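Reading through the structure tokens given below for one structure.
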Amino acid sequence: MKVKRSIRTFLFVVSTFSILVANVHAQSNSKGKDSRVVVGTLTGIDATGAKLDVLQSGEYLRKLQVNAKTLVQFVGLLSKGEQKPEVGMGVKATCEKDGSVKSIIFTPSVGEPAILGEERLKMTEQELFKATDKDASNSISYVEFSKYIYHSPKHFPDLFRKLDKDGDGVFDAAEFAAAPSKVSWWQLSRRAPDEWFIQADENMNSMLDLEEFSLICTSGNHVENHFERADRDKSGSLTQRETATYIRSVTHGKAKSKKQRKWDEQVKTQSSD
Ligand SMILES: [Ca+2]
Ligand SMILES: [Ca+2]
Ligand SMILES: [Ca+2]
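With positions in the sequence shown counted from 1, the corresponding number in our numbering is that position plus 24.
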């Protein structure tokens, strides 16, 4: 008994430690006033176009310098000829400690996210395309996709760049077809939570371990974090119920951080017309 308990304590310590490591890692990447990845909004640009002020996650004002070696890309912007940085644009940059920029992506100003109603979970891909194409242009712009399907100033610039094969700044129907499957709420809404559970439970012991869970949770190096969060009773495995609660939190956007909830509330009040 004693041995068992100490093993359990050891496992607990190890898993607590790995959560901490994961958090520290996430922090240093794009959060904090000294992070090397800067995600935010362009709030100022000098006459030479080399000095940029970027408001990072609405919190820190970052002073960045672009130089001749900087890789500059414009993603999701229409007019190919005269692309230039403008105040209000989204920015994702990787920079050195001194603020000199290695690479930077400028994206259109998205504004507040305004996720489609719960009916989005039952839509076909074609219906989602139609519901998102608010200006009926028969294409999905960067702004339309970010606003209604996937709001991620950090991850979406790279995803959009990859999926916009012809680089014209919008998704046509064929390009769009590959996009929803990259979005976790969409992917998980394609099946009932219990079906997901049964499919993932490979050894059929009515529990999901971390490896089995990774079939459901595809967020790369964050899988462990998600697993820990989903494992409400901290038993080290997920019951069918815990799994269903987790899936619902992704598809319905529940169980968010305080900050995210506050944000959602603001969005709701602003778009209640
Ligand atoms: Ca459109
Ligand atoms: Ca395109
Ligand atoms: Ca299992």
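By construction, the Cβ of each residue, glycine as well, lies at the ideal position given by its N, Cα and C atoms. Keep in mind it's a predicted model, so treat the numbers as computed, not measured.
Placement of the Cβ of Glu236 at a distance of less than 7 Å from at least one heavy atom of ligand 3 is found. DSSP places Leu187 outside any beta strand (DSSP E); the residue lies instead in the alpha helix (DSSP H), whose first and last residues are 180-187. By the neighbour-count criterion, in which a residue is buried when 16 or more other Cβ atoms sit within 10 angstroms of its Cβ, Lys116 is buried.
Here the alpha carbon of Ala197 sits roughly 36 Å from the alpha carbon of Ile69. DSSP, reduced to helix, strand and coil, places Asp255 outside both helices and strands of the structure shown, so it counts as coil.
In this structure, Glu168 places its C-beta atom within 8 Å of the C-beta atom of Asp157.
The beta carbon of Asn227 lies closer than 8 Å to those of Glu236 in the same chain, with the five residues before and after it left out.
Taking every protein chain shown into account, the CB of Gln150 has fewer than 16 other CB atoms within 10 angstroms, so this residue is exposed.
Our two residues, Thr242 and Glu266, have alpha carbons roughly 17 Å apart in a direct line. Residue pairing of Leu95 in beta bridges, as defined by DSSP: Ser127.
Per the CB criterion, closer than 6 Å to any heavy atom of ligand 1, the qualifying residues run in chain order as Asp157, Asp159, Ser161, Ser163, Ile164, Ser165, Glu168.
Under the criterion of beta carbons closer than 8 Å, Ser176 and Gly100 do not qualify as touching, at roughly 13 Å. Taking 8 Å as the cut-off, the Cβ atoms of Arg86 and Val78 count as close. Separation of the CB atoms of Ser208 and Val274 is rounded to 5 Å, and the pair is thereby assigned contact status at 8 Å. The criterion of a C-beta distance shorter than 8 Å is satisfied by Gln89 and Lys75. Note that the region 210-224 does not touch the region 177-195; fewer than 3 beta-carbon pairs, one per stretch, sit closer than 8 Å.
Partner residues in the beta bridge of Tyr84, as assigned by DSSP, are Gln80.
For Ala216, no alpha helix (DSSP H) segment is defined, and its DSSP state is neither H nor E. Taking a C-beta distance under 8 Å as the contact criterion, Ser81 and Met113 do not qualify as a contact pair. Distances from the CB of Lys206 to the heavy atoms of ligand 2 are all 7 Å or more. Here DSSP, grouped into helix, strand and coil, assigns Lys121 to coil. Shown here, Leu232 sits in a strand according to DSSP, grouped into three states. With fewer than 16 other Cβ atoms from the protein chains shown falling within 10 Å of its own Cβ, Thr148 counts as exposed. By the criterion of a C-beta distance shorter than 6 Å, Val247 is surrounded in its chain by Ser238, Cys241, once the five residues flanking it on both sides are discounted.
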